[in-house]
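S.K.: Dropping the structure in here first, questions after.
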Amino acid sequence: MAATALTIPEVSQKCHQVLDAVGEVMVGKRDALALVLGGVLAGGHILLEDLPGLGKTLTARSLAQALGVEFRRIQFTPDLLPADVTGSLLYDQRSHDFTFRQGPVFTNLLLADEVNRTPPKTQAALLEAMQEKQVSVEGTTYPLPSPFHVLATANPIEYEGTYPLPEAQLDRFLLRVSFGYPDAGEEFDVLRRRMARRREEAVVPPVVDGPTLLAMQAALEDVVVEDSLNHYLIEIVRATRADERVLVGASPRGSLALLLLARAKAVLDGRSFVVPEDIKELAAPALAHRITLRPEMWLQRIEPERVVQDAVAAVAAPASGALPTYSAQDDAAAQDGAPAESAGAAKGTASQR
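The sequence shown finishes on residue 523 if you use the numbering used here, and the numbering steps up by one all the way, no holes.
This is how it looks when you write it as structure tokens:
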């Protein structure tokens with residue numbers, strides 16, 4: 171059953187309720203959790219790349235519980251086959267025919283744990299699911315449930331027995347998030363909460379459900395993005411391609427990812443418009459994993475995040491408050507009897523900080 175349409179303030183309120191619920195389990199990682207939720211809100215997939223024991227798996231499970239959606243986990247190993255992900259055909263002796271048995275990918279939120287430990291053939295089984303939200307088995311296409319999101323984890327320091335994700339698959343992830351170590355106070359809070367609940371497993375009560383999540387995602391289409399901000403975003407992406415330290419810069423899919431994440435950030439903040447600070451803040455999570463550095467840069471300890479930060483610093487932020495040319499609000503205002511120029515001027519004033 172489809173949920174009713176939600177306004178941006180309503181979506182913002184529900185997002186903060188979700189973050190509050192997950193924050194009862196994940197201590198002191200509000201900003202990183204907001205990035206993950208923003209990626210889900212934007213309809214994308216998230217790569218959680220960090221050291222072991224920092225809550226990547228717990229984040230995925232807790233977020234699924236708070237969102238009220240079905241959650242499944244695949245532990246990727248070197249012997250995992252594509253059919254173990256997508257499903258396979260089994261012979262039914264009663265009907266004397268082959269029937270399709272769905273794999274764990276048929277869920278709402280899939281945790282691909284240690285995705286870089288499985289061979290490329292199995293990694294490729296996720297590509298169609300992530301991009302087309304469907305899987306093909308023996309010439310038959312099976313649609314995946316909606317919503318569908320992949321949260322993949324990877325260990326950035328352990329390379330023995332791993333298969334680095336190819337650029338084509340990295341580009342499918344809307345953003346990459348790292349949590350980092352907690353400080354002393356946060357780590358003490360982790361121990362205190364564990365003793366207080368008197369059990370190992372932490373359960374997060376559902377805040378929304380699947381249809382409501384779809385309605386929340388649909389509300390992003392109401393977020394206005396000025397043309398000047400689109401040009402600003404494009405110039406940042408193009409700057410990563412022109413950097414002498416870069417072999418391959420961010421793709422146009424990276425531009426779209428940054429746009430979607432900026433709209434999600436605006437909704438989380440309760441705004442119906444994007445500001446330059448949204449783009450600045452999200453440029454590194456959206457673009458860094460899409461950049462391939464020249465080999466000699468690794469010897470100089472240059473990270474892709476630094477390239478993105480330099481690109482953001484080099485591009486001047488716009489100060490325009492003009493109405494986007496794609497917006498049809500002028501026509502709607504004219505039909506209501508209001509002059510189009512007045513409606514545009516009012517919207518431009520509202521979108522300025």
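From the three backbone atoms N, C-alpha and C, an ideal C-beta is built for every residue, glycine too.
Return the Cβ separation of P252 and K226 in integer angstroms, given the expectation that the two are a contact with Cβ distance under 8 Å.
M.R.: Contact doesn't hold; Cβ gap of about 23 Å is too wide.
S.K.: Which of the three DSSP states, helix, strand or coil, is assigned to Q263?
M.R.: Here Q263 sits in coil by DSSP.
S.K.: Expressed to the nearest angstrom, what Euclidean distance is found between the alpha-carbon atoms of A212 and G419?
M.R.: Their Cα atoms are separated by approximately 23 Å.
S.K.: Grab me the residues of G440's own chain with a C-beta within less than 6 Å of its C-beta, minus the 5 sequence neighbours each way, in chain order.
M.R.: Cβ neighbours of G440 beyond the five flanking positions: P179, S182.
S.K.: Given a threshold of 16 other Cβ atoms within 10 Å of its Cβ, counted over all protein chains shown, does G350 qualify as buried or as exposed?
M.R.: Under this definition G350 is an exposed residue.
S.K.: Confirm, please, whether the CB-CB distance from K450 to G208 is below 8 Å.
M.R.: Cβ atoms of G208 and K450: not closer than 8 Å.
S.K.: May I have a chain-ordered list of the beta strand (DSSP E) segments no shorter than 3 residues that lie completely inside the region 278 to 362?
M.R.: Those beta strand (DSSP E) runs which fall completely within the region 278 to 362 and span 3+ residues are 279 to 283, 304 to 307, 310 to 313, 319 to 324, 345 to 347.
S.K.: Can you find at least 3 beta carbon pairs, one from the region 414 to 430 and one from the region 186 to 206, that sit closer than 8 Å?
M.R.: As far as the Cβ criterion goes, the region 414 to 430 does not touch the region 186 to 206, which means the pair count is below three.
S.K.: Taking a contact to mean a Cβ-Cβ separation below 8 Å, would you say L237 touches L383 in this structure?
M.R.: It is a contact, given that the beta carbons lie within the stated cut-off.
S.K.: Just to confirm before moving on: does the CB-CB distance between V314 and Q304 stay below 8 Å?
M.R.: Checking the displayed sequence, the identity of residue 314 turns out to be Leu instead of Val. Yes, Cβ-Cβ distance for L314 and Q304 is below 8 Å.
S.K.: Please look up how many angstroms separate the CB atoms of P248 and P274, rounded, as I've assumed it's under 8 Å.
M.R.: No, P248 and P274 are not in contact; Cβ-Cβ is about 18 Å, not under 8 Å.
S.K.: Which one or two residues does DSSP pair with A243 in a beta bridge?
M.R.: Checking the displayed sequence, the identity of residue 243 turns out to be Arg instead of Ala. DSSP lists L281 as partners of R243.
S.K.: In three-state DSSP terms, what is T177?
M.R.: Reduced to three states, the DSSP call for T177 is coil.
S.K.: So who's on the other strand from L463, going by DSSP bridges?
M.R.: Note: L463 sits in a beta bridge opposite V416.
S.K.: Strictly by DSSP, which residues pair up with Q272?
M.R.: In DSSP, Q272 forms a bridge with G257.
S.K.: Alpha carbons only, please: which of S265, T332, Y402 is nearest the one belonging to D283?
M.R.: Closest option to D283, Cα to Cα, is T332.
S.K.: Answer with buried or exposed for P326, where buried requires no fewer than 16 other C-beta atoms within 10 angstroms of its C-beta.
M.R.: So P326 counts as exposed.
S.K.: Which residue marks the beginning of the beta strand (DSSP E) containing I216, and which one marks its end?
M.R.: Residues 216 to 219.
S.K.: Do A432 and G214 have their C-beta atoms closer together than 8 Å?
M.R.: No, these two residues do not count as a Cβ contact at 8 Å.
S.K.: Our contact map puts S258 next to R243 with C-beta atoms below 8 Å; I'd like the distance itself, whole angstroms only.
M.R.: 19 Å between Cβ atoms; not a contact.
S.K.: By how many angstroms is the C-alpha of E475 removed from the C-alpha of R408?
M.R.: Spanning the two alpha carbons is a distance of roughly 15 Å.
S.K.: Does DSSP put L251 in a helix, in a strand, or in coil?
M.R.: L251 falls in the coil class under three-state DSSP.
S.K.: What residue range is occupied by the uninterrupted alpha helix (DSSP H) comprising G198?
M.R.: No alpha helix (DSSP H) contains G198, which DSSP labels as neither H nor E.
S.K.: Could you spell out the range, first to last residue, of the alpha helix (DSSP H) harbouring E451?
M.R.: Segment 446 to 457, the alpha helix (DSSP H) holding E451.
S.K.: Output needed for Q245: all residues of its chain with C-beta closer than 8 Å, excluding positions within five of it in sequence on either side, in chain order.
M.R.: Cβ neighbours of Q245 beyond the five flanking positions: D283, E284.
S.K.: Return yes when the Cβ of R342 is within less than 8 Å of the Cβ of M386, no when it is not.
M.R.: For M386 and R342, no; Cβs fall outside 8 Å.
S.K.: Could you give the first and the last residue of the continuous alpha helix (DSSP H) run that contains V480?
M.R.: According to the sequence shown, residue 480 is Asp rather than Val. From DSSP, the alpha helix (DSSP H) with D480 extends over 474 to 484.
S.K.: Does the distance from the CB of P317 to the CB of G223 come in under 8 Å?
M.R.: Cβ distance not < 8 Å, so P317 and G223 don't count as in contact.
S.K.: Any idea which residues DSSP pairs V394 with across the strands?
M.R.: Partner(s): F443.
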